[in-house]
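Residue numbers (UniProt numbering): 1 to 605.
Just so you know, even glycine gets a beta-carbon here, dropped at the ideal spot from N, CA and C.
None of these values were measured; they are calculated from a predicted model.
Let me begin by presenting the structure, written as structure tokens, before commenting on it.
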Amino acid sequence: MRTADGGANWRRLVAGDRDHNINTIESHPFTRNLFIGGGNETYTSSYFQFSEDSGRTWKQIPLDTTVGAITALQFLKNSGQGFLAFAVADPARSFFYASDEQGKNWQRYSEVNFLVSGFKGFENGQFYAWGTNNTQTQSYFVYSNDFGKTWTSRPFNTGMDASRLIVSFVSTEIGFISGIVSSSPVVRKTTDGGQTYATVNLPSDIDSASQPIIDFLDDQTGFMISSGIAPNYYPFIDKTTDGGNSWRRTYSPNIPSVNVSNAGFIKKNRNDLVCYIDSSFGPNLIQSSDGGESWSARGEGENSQFGRVTMVSDTVGYTSGGFTNAPRIVLKTTDGGNSWQTVFRSVTGLFRSIYANPNGLVWSVGNQRMAVYSTNGGLDWNVPASFGSIAASSEFRGVAANQSGVVLLAVRVGSTGNISRSTDSGVTWNIAFPINANMTDVKFIDETTAIAVSGLTSATNFSAHGVYLSTDSGANWTQVPSMAGVNLYDIHVLNANTIFVGSGASNSTSPVDSAYISTDRGQSWRKIFEKNAKSTFNTSVLFLDERNGIVSGTSGTWRTSDQGQNWIRELPMSDNSFIGLTSNPSKNKIIGVGGSGTIQMRNWP
């Protein structure tokens with residue numbers, strides 16, 4: 001995620017990869033390029049990418065192996081040299097890699113016989129690394145004076161139990177190490193590079209099973225994050241200004257936190273700090289502008305699942321979303337997707353789809369029969385006074401409007417659905433076309449011709465899935481016979497003749513992502529994309545012309561330049577893929593939206 005206002009707001013820019021954890025993120029001190037590294041939890045598959053545009057697009061970085069996981073990464077500020085630790089589970093060992101090419105290429109140069117969880121390097125070549133073996137029965141702390149080419153042990157005794165080590169070195173000799181020693185939390189200080197240690201005093205009211213997470217600014221000033229004693233399992237931040245001899249509590253919210261699983265600090269300078277705390281309650285971001293004396297909650301990013309996205313000009317566009325524990329929101333961009341502002345917010349729930357045109361009309365629709373509209377580009381919002389016979393439990397999955405005031409809704413009601421219609425810009429409504437399946441999207445091809453798709457529901461309703469066409473602005477509908485039984489989710493109208501549709505979620509035990517093209521206004525269809533999927537989720541589709549397009553599903557995000565004869569995977573599977581895709585009218589920029597606040601953009605081609 002990325003923030004441009006000190007942590008007040010966050011936007012998820014990396015689609016991510018459900019198969020891998022991102023363990024480390026760093027920027028190069030000279031180029032400011034961003035690097036992310038990680039892997040799966042079993043240390044058998046790695047993940048390494050970099051971005052040259054502040055996280056908007058990412059490229060893979062090859063290593064000589066992918067069997068493992070990147071656990072730590074650091075660039076030296078003065079020289080720009082890069083170093084990373086790569087852990088492998090069987091047998092337990094870690095490789096160290098170095099880069100003298102601003103992180104573009106990496107060479108393996110040393111190995112240790114444990115899983116490195118972190119390291120700290122200095123410009124003079126002194127390095128420290130720490131971790132455990134793969135069964136977590138032994139802790140390791142090692143030292144190097146030649147940039148990690150050779151290592152010697154600096155034991156940190158953890159008694160009868162192994163412990164992960166949390167380490168904060170402020171100079172080549174002075175550091176603090178946190179661990180669990182004989183089942184109790186301990187913080188120790190070294191002034192000679194780990195040859196000897198002195199025990200640091202800890203507050204008396206921290207949980208005995210909670211390992212303190214430490215971060216020091218210098219040898220005197222530092223912070224400790226821990227959990228309280230039952231029943232007050234709250235995360236604390238304590239600050240010391242005397243090297244750990246005494247601590248003063250500067251943050252103690254009334255937020256339950258049975259286990260603080262991870263935490264850390266982002267330090268702009270000694271005063272401006274951002275702290276993240278991940279616990280069983282969930283993530284929490286807080287910010288301080290006075291050196292950690294006081295803290296205030298910051299936005300952790302819109303925790304929204306964005307449904308669809310649309311651009312009405314090269315600068316103006318809209319998306320909407322929400323979640324069970326997040327408010328319904330409509331976002332607007334006025335700078336081509338670089339930044340987004342909330343223009344509508346209401347109670348928790350889901351917005352599933354959005355429609356907008358260049359004249360300022362915006363519709364956003366979702367579950368619980370929720371629809372809002374604006375006629376002035378999101379400055380003011382209205383809710384239809386009545387939905388007539390449309391059931392209160394209806395979920396609006398798609399919305400479209402023409403220039404004559406006709407508005408169409410693709411509706412899901414349990415295992416059935418319908419196309420609902422208004423002929424007076426949303427004032428009154430009627431159910432125009434009920435079917436025995438869920439309607440999932442609807443679009444106008446021109447002023448009177450419309451297309452809708454159906455999917456989602458169980459195998460007993462498969463015959464009602466497929467493509468439906470209307471030639472009278474949605475008053476009457478007919479099913480396209482050749483697509484009957486095809487589970488569909490998304491529609492992209494390229495022009496009056498050429499239309500694309502993407503597949504929908506189903507209960508299949510062998511899920512696939514698929515997409516189809518019609519070049520005769522929806523009368524006949526041809527499959528142009530099919531990939532084995534990781535789960536049964538929806539597939540979104542976008543084409544900029546008849547040859548160049550994007551398809552996104554749980555198989556990944558794929559690109560074609562020959563109308564689907566060949567496909568190149570651009571992104572691996574994300575949490576929910578891109579649920580919505582759009583381009584600007586100039587067709588030189590693509591925006592994708594999805595779960596966990598995902599709004600990602602790339603230039604085209």
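Quiz item: Given that a residue counts as buried once 16 or more other Cβ atoms are within 10 Å of its Cβ, and exposed if not, what is residue 207?
Solution: buried
Is residue 469 near residue 478, with beta carbons less than 7 Å apart? Contact flag set, yes.
Inset, instruction - Measure the alpha-carbon distance for residue 346 versus residue 328 and round it to whole angstroms. - result: 5 Å
Residue 310 versus residue 438 - alpha carbon distance: 23 Å
**Prompt:** From 56, 52, 21 and 58, pick the residue whose C-alpha is nearest to that of residue 40; which is it?
**Reply:** 21
| query | For residue 269, which of 315, 578 and 292 has the nearest alpha-carbon? | reply | 292
Would residue 392 be called buried (16 or more neighbouring beta carbons within 10 Å of its own) or exposed? The residue is exposed, with fewer than 16 neighbouring Cβ atoms inside 10 Å.
Next item on the list: Quick one: residues in its chain with C-beta nearer than 7 Å to the C-beta of residue 544, no 5 flanking neighbours on either side, listed in chain order?
Entry: 583, 587 and 604
query: Three-state secondary structure (DSSP) at residue 533?
result: coil
Give the straight-line distance between the Cα atoms of residue 315 and residue 334, rounded to the nearest whole angstrom. 5 Å
**Asked** For residue 461, which three-state DSSP category applies?
**Response** helix
| query | Out of curiosity, what's the CA-to-CA distance linking residue 575 and residue 548? | reply | In this prediction, residue 575 has a pLDDT of 45, which is less than 50 and means its spatial position is unreliable; what the coordinates show is noted afterwards. The C-alpha of residue 575 lies about 25 Å from the C-alpha of residue 548.
Problem set entry | Whether residue 98 touches residue 69 by CB criterion (7 Å) | Cβ distance not < 7 Å, so residue 98 and residue 69 don't count as in contact.
Does DSSP put residue 54 in a helix, in a strand, or in coil? coil
request  = Take residue 527 and list the residues in its own chain whose beta-carbon comes closer than 7 Å to its own, dropping the five residues that flank it on each side.
outcome  = 514 and 516
Fill in: For residue 349 and residue 150, the rounded distance between their alpha carbons
56 Å
| task | Determine the closest residue to residue 276 out of 139, 524 and 214, with distance taken between C-alpha atoms. | result | 214
What does residue 483 pair with, by DSSP beta-bridge criteria? Note: residue 483 sits in no beta bridge, so no partner.
**Study point:** Extent of the continuous beta strand (DSSP E) run through residue 416
**Key:** 416–422
Could you compute how far the alpha carbon of residue 198 sits from the alpha carbon of residue 102? 38 Å
In the DSSP assignment, what residue or residues form a beta bridge with residue 288?
273
ask   = Which of the three DSSP states, helix, strand or coil, is assigned to residue 77?
value = Correct three-state label for residue 77: coil.
- What residues in its chain sit with their C-beta under 8 Å from that of residue 139, if we drop five residues either side in the sequence? 130, 131, 132, 156, 158, 162, 163, 164, 165 and 179
Which ranges would you report for the alpha helix (DSSP H) in the segment 101–143 if only whole runs of at least 4 residues count?
none
* To do: Would you kindly report the start and end of the unbroken beta strand (DSSP E) that includes residue 305?
  => According to the DSSP assignment, residue 305 belongs to the beta strand (DSSP E) that extends over 305–311.
Cβ separation of residue 118 and residue 127, assumed to be a contact under 8 Å, to the nearest whole Å: Actually they are not in contact, since the Cβ atoms of residue 118 and residue 127 sit about 11 Å apart, beyond 8 Å.
### Message
Would residue 353 and residue 365 be called neighbours here (beta carbons separated by less than 7 Å)?
### Response
yes
Notebook entry, point to check: Of all the options 210, 571, 80 and 190, which has the alpha carbon lying nearest to the alpha carbon of residue 184?
Noted result: Scanning 210, 571, 80 and 190 for the CA closest to the CA of residue 184 turns up 210.
Measuring only from the beta carbon, is residue 399 closer than 6 Å to any heavy atom that is part of the ligand PLP?
The ligand PLP is not part of the structure shown, which contains no ligands of any sort.
TODO: Return the CA-CA distance between residue 202 and residue 251, expressed in angstroms with no decimal places.
DONE: 16 Å
Check: Considering residue 560, what are the terminal residues of the beta strand (DSSP E) in which it resides?
Finding: 556–560
8 Å CB neighbourhood of residue 466 in its chain, flanking five on each side removed: 453, 454, 479, 480, 483, 484, 485, 486 and 488
Next on the checklist: Whole angstroms are fine: how far does the CA of residue 110 sit from the CA of residue 194?
Outcome noted: The alpha-carbon atoms of residue 194 and residue 110 are separated by roughly 21 Å.
Requested in this report: Tell me, to the nearest whole angstrom, how far the beta carbon of residue 496 is from that of residue 474; I am working on the premise that it is less than 8 Å.
Outcome: Contact annotation, residue 496 with residue 474: C-beta distance approximately 17 Å; criterion of less than 8 Å not satisfied.
Sort 421, 49 and 502 by Cα distance to residue 668 and report the nearest one.
Summary: the structure shown does not reach residue 668, with the chain confined to residues 1 through 605, and so no result is reported for it.
With a CB to CB cut of under 6 Å and the five nearest residues on each side skipped, what residues in its chain are close to residue 282? The pLDDT assigned to residue 282 is 49, lower than 50, so where the model puts this residue is not dependable; a value taken from the coordinates is nonetheless given after this. None.
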